[in-house]
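*Asks:*
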Amino acid sequence: MALDFAAGCVGGAAGVLVGHPFDTVKVRLQVQNVDKPLYRGTFHCFQSIVRQESMLGLYKGIGSPMMGLTFINAIVFGVQGNAMRRLGSDTPLNQFLAGASAGAIQCVICCPMELAKTRMQMQGTGEKKSKRKVYKNSLDCLVRIYRKEGFRGINRGMVTTLVRETPGFGVYFLAYDVLTRSLGCEPEDPYMIPKLLFAGGMSGIASWLSTYPVDVIKSRLQADGVGGVNKYNSIMDCVRQSLQKEGWRVFTRGLTSTLLRAFPVNATTFATVTLFLMYMRDGEECRIQDSEPQSVQLQPLQQQTQPTSM
Numbered sequence: 001m002a003l004d005f006a007a008g009c010v011g012g013a014a015g016v017l018v019g020h021p022f023d024t025v026k027v028r029l030q031v032q033n034v035d036k037p038l039y040r041g042t043f044h045c046f047q048s049i050v051r052q053e054s055m056l057g058l059y060k061g062i063g064s065p066m067m068g069l070t071f072i073n074a075i076v077f078g079v080q081g082n083a084m085r086r087l088g089s090d091t092p093l094n095q096f097l098a099g100a101s102a103g104a105i106q107c108v109i110c111c112p113m114e115l116a117k118t119r120m121q122m123q124g125t126g127e128k129k130s131k132r133k134v135y136k137n138s139l140d141c142l143v144r145i146y147r148k149e150g151f152r153g154i155n156r157g158m159v160t161t162l163v164r165e166t167p168g169f170g171v172y173f174l175a176y177d178v179l180t181r182s183l184g185c186e187p188e189d190p191y192m193i194p195k196l197l198f199a200g201g202m203s204g205i206a207s208w209l210s211t212y213p214v215d216v217i218k219s220r221l222q223a224d225g226v227g228g229v230n231k232y233n234s235i236m237d238c239v240r241q242s243l244q245k246e247g248w249r250v251f252t253r254g255l256t257s258t259l260l261r262a263f264p265v266n267a268t269t270f271a272t273v274t275l276f277l278m279y280m281r282d283g284e285e286c287r288i289q290d291s292e293p294q295s296v297q298l299q300p301l302q303q304q305t306q307p308t309s310m
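When the letters of the sequence shown are read in order and numbered with the UniProt record's numbering, they come out as residues 1 to 310.
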């Protein structure tokens, strides 16, 4: 289990650096005022942020995921790996159940982290140098929210986070398992790394597509109150108001940037985790063999763990 946690840490750090700019674009598009929209689409949003706020504008709020996603991925891959061992057989259903359990548990960190990230990403919209910074950094953001709204405040959006993450991670691990088996990602395959990257990227896309409407509502609830104005009384009120003003298309806002982000981030994360686990397990097997008597070394080695099993 320790290897699963370590692999998750490595994969998490790699994924954050690759995908954060697209996440900033996603959040801006999801929560912008439909009556006075600042951005016409993904490319225009990306271009506007760079022009108005410099390249650093794309990395607003990165402190929160850099601190949190490392632990989140460690929890996700650690819990998923442990759950698979407890469930016993490596079946598609068990992959889904193990992933769903991991997704639910990591919400404890994910929800406050994404709250701080969203608030930081919205701060100083359209300003190269913010005239008045409400929050100095992600930690200061959470402290201020806690002082003003208490424990409930820093867990704003927890229900929508649970609804998004539980099935989302189930689909995530299920899709990766199915794809790696279908592609035949064997350790001796010369094309193993490209196959792992493709499987990881497509798994991320499948996961986001399965829960994206919930993510739109979550972002709107967590951004609500920025500027001192609260628009939504509850989850259903947010859904109702969003549908009335923008129709069903509201649930696809920011989807393009999300999918552009999902492929490289999850390709990097899954490939890193899988290769890390394979390397570390190979090292452990070598140490065990070196410590055994010569007569034991002549026995057939146990078949190597497949890279599809986390």
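Every residue, glycine too, gets a C-beta built ideally from N, C-alpha and C.
Please state whether DSSP places M1 in a helix, a strand or coil.
*Replies:* Counting from 1 along the sequence shown, the entry for residue 1 is found at position 1. Confidence in M1 is poor, its pLDDT being 49 and thus under 50, which makes the residue's placement too unreliable to answer from.
*Asks:* Nearest to L221 by alpha carbon, out of P167, T70 and M122?
*Replies:* Stepping through the sequence shown from its first residue, residue 221 is reached at position 221. Closest option to L221, Cα to Cα, is M122.
*Asks:* Do the CB positions of V108 and G204 come within less than 8 Å of each other?
*Replies:* Here residue 108 corresponds to residue number 108 of the sequence shown, with the count starting at 1. Here residue 204 corresponds to residue number 204 of the sequence shown, with the count starting at 1. Cβ distance not < 8 Å, so V108 and G204 don't count as in contact.
*Asks:* Is it the case that the Cβ atoms of T118 and V27 are separated by a distance below 8 Å?
*Replies:* As a working note, residue 118 is residue 118 in the sequence shown. As a working note, residue 27 is residue 27 in the sequence shown. Yes, Cβ-Cβ distance for T118 and V27 is below 8 Å.
*Asks:* So what does DSSP say about T274, is it helix, strand or coil?
*Replies:* Within the sequence shown, residue 274 is the residue found at index 274, counting from 1. Of the three classes helix, strand and coil, the one that applies to T274 here is helix, per DSSP.
*Asks:* Compute the distance between the beta-carbons of L142 and P112, then report whether it is under 8 Å.
*Replies:* Here residue 142 refers to the residue found at position 142 of the sequence shown. Here residue 112 refers to the residue found at position 112 of the sequence shown. Their beta carbons are under 8 Å apart, which means L142 touches P112 by this criterion.
*Asks:* DSSP on C238, reduced to helix/strand/coil?
*Replies:* Within the sequence shown, the letter at position 238 stands for residue 238. Looking at C238 - three-state DSSP - the assignment turns out to be helix.
*Asks:* Straight-line CA distance for Q241 to A223?
*Replies:* Taking the first residue of the sequence shown as position 1, residue 241 is located at position 241. Taking the first residue of the sequence shown as position 1, residue 223 is located at position 223. Cα to Cα, the separation comes out at about 15 Å.
*Asks:* Take F151 as the anchor and find which of V273, D23, P167 and L115 has the nearest alpha-carbon.
*Replies:* In the sequence shown, counting from the first residue as 1, residue 151 sits at position 151. Per the Cα distances, L115.
*Asks:* Are the CB atoms of V16 and L69 nearer to each other than 8 Å?
*Replies:* Taking the sequence shown and counting its residues from 1, the one referred to as residue 16 is at position 16. Taking the sequence shown and counting its residues from 1, the one referred to as residue 69 is at position 69. For V16 and L69, yes; Cβs fall inside 8 Å.
*Asks:* Only counting runs of 4 or more residues, tell me where the alpha helix (DSSP H) segments fall wholly within the segment 36 to 63, in order along the chain.
*Replies:* Whole alpha helix (DSSP H) segments, 4+ residues: 42 to 53.
*Asks:* Whose CA, out of E186, E127 and F251, lies closest to the CA of L38?
*Replies:* Looking up residue 38 in the sequence shown gives position 38. It is E127 whose Cα lies nearest to the Cα of L38.
*Asks:* Sorted by chain position, which residues of the same chain lie with C-beta nearer than 7 Å to residue 324's C-beta, five sequence neighbours on each side aside?
*Replies:* Missing from the structure shown is residue 324; the chain here goes from 1 to 310 and no further.
*Asks:* Distance check for L260 and H20, CA to CA, integer angstroms please.
*Replies:* Working through the sequence shown from its first residue, we reach residue 20 at position 20. Working through the sequence shown from its first residue, we reach residue 260 at position 260. Between H20 and L260, the C-alpha separation is close to 11 Å.
*Asks:* Expressed to the nearest angstrom, what Euclidean distance is found between the alpha-carbon atoms of L58 and G124?
*Replies:* On the sequence shown, position 58 is the one that residue 58 refers to. On the sequence shown, position 124 is the one that residue 124 refers to. For L58 and G124, the distance between alpha carbons rounds to 12 Å.
*Asks:* What is the rounded straight-line gap between the Cα of N94 and the Cα of S182?
*Replies:* For this step, residue 94 is matched to residue 94 along the sequence shown. For this step, residue 182 is matched to residue 182 along the sequence shown. So the two alpha carbons sit approximately 17 Å from each other.
*Asks:* Compare the C-alpha of M278 against each of W208, C185, A206 and I105 and name the closest.
*Replies:* As a working note, residue 278 is residue 278 in the sequence shown. The option with the nearest alpha carbon to M278 is C185.
*Asks:* Does the distance from the C-beta atom of I217 to that of T252 stay below 8 Å?
*Replies:* Taking the sequence shown and counting its residues from 1, one reaches residue 217 at position 217. Taking the sequence shown and counting its residues from 1, one reaches residue 252 at position 252. Going by C-beta atoms, I217 is not nearer than 8 Å to T252.
*Asks:* Which residue comes first and which comes last in the alpha helix (DSSP H) that contains Y232?
*Replies:* Position 232 of the sequence shown, counted from the first residue, corresponds to residue 232. Per DSSP, Y232 belongs to no alpha helix (DSSP H) and is neither H nor E.
*Asks:* Beta-carbon separation of A199 and F270 under 8 Å?
*Replies:* Residue numbering aside, residue 199 sits at position 199 when the sequence shown is read from its first letter. Residue numbering aside, residue 270 sits at position 270 when the sequence shown is read from its first letter. Taking 8 Å as the Cβ cut-off, A199 and F270 qualify as a contacting pair.
*Asks:* Per DSSP, what kind of secondary structure is R181 in: helix, strand or coil?
*Replies:* Position 181 of the sequence shown, counted from the first residue, corresponds to residue 181. Looking at R181 - three-state DSSP - the assignment turns out to be helix.
*Asks:* State buried or exposed for E165, treating a residue as buried only when at least 16 other CB atoms are found within 10 Å of its CB.
*Replies:* Mapped onto the sequence shown, residue 165 falls at position 165. Classification for E165: buried.
*Asks:* Identify whether R147 lies in helix, strand or coil by the three-state DSSP scheme.
*Replies:* Working through the sequence shown from its first residue, we reach residue 147 at position 147. In the structure shown, R147 sits in a helix (DSSP, three-state: H, G or I).
*Asks:* Excluding sequence positions up to five away, which residues of its chain have a Cβ less than 7 Å from the Cβ of L255?
*Replies:* What you label residue 255 is simply residue 255 of the sequence shown in a count that begins at 1. Cβ neighbours of L255 beyond the five flanking positions: Y212.
*Asks:* The alpha helix (DSSP H) spanning V134 covers which residue range?
*Replies:* As a working mapping, residue 134 is identified with position 134 in the sequence shown. Careful: V134 lies outside any alpha helix (DSSP H) and carries neither H nor E.
*Asks:* Quick one: what's got a C-beta closer than 6 Å to A267's C-beta in the same chain, skipping five residues either side?
*Replies:* Start at 1 with the first residue of the sequence shown, and residue 267 comes out as number 267. Once the five neighbours on either side are set aside, the close Cβ partners of A267 are L197, G200 and G201.
*Asks:* Taking V214 as part of the alpha helix (DSSP H), name the residues at either end of that continuous run.
*Replies:* Position 214 of the sequence shown holds residue 214. Start and end: M192 to A223.
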